[in-house]
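Residues 205 to 417 in my numbering are what the sequence shown spells out, letter by letter.
Glycine residues also receive a C-beta, built at the ideal position from the N, C-alpha and C atoms.
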Amino acid sequence: MLNSPTQFGNVRPGDIKYKDVTGDGKITDDDKVPLSYSPFPRLMYGFGAEVRYKDFTLGLLFKGRGRTDFFKNNNGYGYLPFYGGNTGNVLSMVKDQSNRWTPAWYSGDPKTENPNAIFPRLTYGKNENNDKFSSFWLGDSRYLRFEELTLNYNLRMAALKRLLGVNSIDLQFVGHNLYVWDKVKIWDPEQADKNGYAYPLPMTFALQIYINF
Numbered sequence: 205m206l207n208s209p210t211q212f213g214n215v216r217p218g219d220i221k222y223k224d225v226t227g228d229g230k231i232t233d234d235d236k237v238p239l240s241y242s243p244f245p246r247l248m249y250g251f252g253a254e255v256r257y258k259d260f261t262l263g264l265l266f267k268g269r270g271r272t273d274f275f276k277n278n279n280g281y282g283y284l285p286f287y288g289g290n291t292g293n294v295l296s297m298v299k300d301q302s303n304r305w306t307p308a309w310y311s312g313d314p315k316t317e318n319p320n321a322i323f324p325r326l327t328y329g330k331n332e333n334n335d336k337f338s339s340f341w342l343g344d345s346r347y348l349r350f351e352e353l354t355l356n357y358n359l360r361m362a363a364l365k366r367l368l369g370v371n372s373i374d375l376q377f378v379g380h381n382l383y384v385w386d387k388v389k390i391w392d393p394e395q396a397d398k399n400g401y402a403y404p405l406p407m408t409f410a411l412q413i414y415i416n417f
């Protein structure tokens, strides 16, 4: 710390350390550089498949997005974890000591001085150093979603045609939003830029019947 550039406020071990981009020995607005992609994805994609066997049809649909990031800046996950009261998931996260930097003299275990923890050193009141937009609070909101699974059975019977005038009946099971591969984890990556302030996308199932005359 003694040989580090001058930062913000009373910096202590466990606080975020910033890169001196200009090399002038102090961290100022002149050291700000572009960090990330926009929260609006620059790449969106999807793919699917359909397999038929006799009277059965299986359909799969995937969608995803890439080259998009978000900042963890609210709702108990970012640089103001306790701001506005005990909202969000912060209490459940900080109870796990591995999620926060804790000095060894306090915990009795050097492993708690974890530089890769979700939170830096926790402090009372506002921390002038740790609340800056930086790569520490940057999240990757890329994802691949198993969007839909469809299983269809086509029922054809001569009796249906003769008695009811029905050519066939399709019995269909549909599952939506079944799984997501992502790095956000704490909430849906498609809503990552909302920092949890959005109603989650539900997993749904449906049974459908189509009568074909």
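* Asked: Nearest to Thr-261 by CA position, among Pro-243, Thr-354 and Pro-406, is which residue?
  -> For the options Pro-243, Thr-354 and Pro-406, the alpha carbon positioned closest to that of Thr-261 is the one of Thr-354.
* Asked: Which residues does DSSP pair with Glu-352 in a beta bridge?
  -> In the DSSP assignment, Glu-352 forms a beta bridge with Leu-265 and His-380.
* Backbone CA spacing between Gly-379 and Pro-245 [nearest angstrom] -> Roughly 25 Å between the two C-alpha positions.
* Specify the secondary structure class of Asn-303 as computed by DSSP and reduced to three states. => Looking at Asn-303 - three-state DSSP - the assignment turns out to be helix.
* Asked: At a cut of 8 Å, does the region 360 to 373 reach the region 381 to 395 through at least three beta carbon pairs?
  -> Counting Cβ pairs under 8 Å, fewer than three are found: no touch.
* Would you call Val-237 buried or exposed, if buried means 16 or more other Cβ atoms sit within 10 Å of its Cβ? -> Taking all protein chains shown into account, Val-237 has fewer than 16 neighbouring C-beta atoms within 10 Å of its C-beta and is therefore exposed.
* From what residue to what residue does the alpha helix (DSSP H) around Tyr-249 run? -> From DSSP, Tyr-249 is part of no alpha helix (DSSP H) but of the beta strand (DSSP E) over 247 to 257.
* Quick one: Cα of Tyr-328 to Cα of Asn-334, how far? -> Those two C-alpha atoms are separated by around 12 Å.
* Asked: Roughly how many whole angstroms lie between the Cα atoms of Tyr-241 and Asp-397?
  -> Computed Cα separation, rounded: 12 Å.
* Would you report the Cα separation of Gln-308 and Pro-324, rounded to the nearest angstrom? -> The residue you asked about is not Gln; residue 308 is Ala in the sequence shown. Straight-line Cα distance between these residues: approximately 14 Å.
* By Cβ distance, which residues of its chain are closer than 6 Å to Val-215, with the 5 residues on each side in sequence left out? -> So the list reads Asn-333, once near-sequence residues are dropped.
* Assigned secondary structure, Thr-327 (DSSP; H/G/I helix, E/B strand, else coil) -> Coil.
* Going by other Cβ atoms of all chains shown within 10 Å of its Cβ, with 16 needed for buried, is Gly-369 buried or exposed? -> Counting Cβ neighbours within 10 Å, Gly-369 comes out exposed, since fewer than 16 surround it.
* 8 Å contact criterion, which Phe-266 and Phe-350 should meet: CB distance rounded -> Phe-350 and Phe-266 do touch by the CB rule: their CB atoms are close to 6 Å apart, below 8 Å.
* Asked: By a C-beta neighbour count over all protein chains shown, 10 Å radius and 16 as the cutoff for buried, is Arg-360 buried or exposed?
  -> Under this definition Arg-360 is an exposed residue.
* Asked: Looking only at its own chain, which residues have a Cβ that is under 7 Å from the Cβ of Asn-318, when we skip the five neighbours before and after it?
  -> Short of 7 Å from the beta carbon of Asn-318, and not among the five residues preceding or following it, lie these beta carbons of its own chain, in chain order: Ser-302 and Trp-305.
* To do: Classify Tyr-222 as helix, strand or coil using the three-state DSSP reduction.
  => In the three-state reduction of the DSSP assignment, Tyr-222 falls in the coil class.
* Are the Cβ atoms of Asn-358 and Asp-259 separated by less than 8 Å? -> Result yes, Cβ atoms of Asn-358 and Asp-259 sit closer than 8 Å.
* **Asp-224 to Trp-341 span [Cα, whole Å]** => If I take the Cα positions, the gap works out to 18 Å.
* Asked: Got a sec, what are the start and stop residues for the beta strand (DSSP E) Leu-411 sits in?
  -> Taken as a continuous stretch (DSSP letters only), the beta strand (DSSP E) holding Leu-411 covers 408 to 416.
* **Proximity to Arg-271 [Cα-Cα], best of Arg-256, Tyr-347 and Ser-338** => When only C-alpha atoms are compared, the closest one is Tyr-347.
* Distance between Asn-277 and Gly-218 (C-alpha atoms, nearest Å) -> So the alpha carbons of these two residues sit roughly 19 Å apart.
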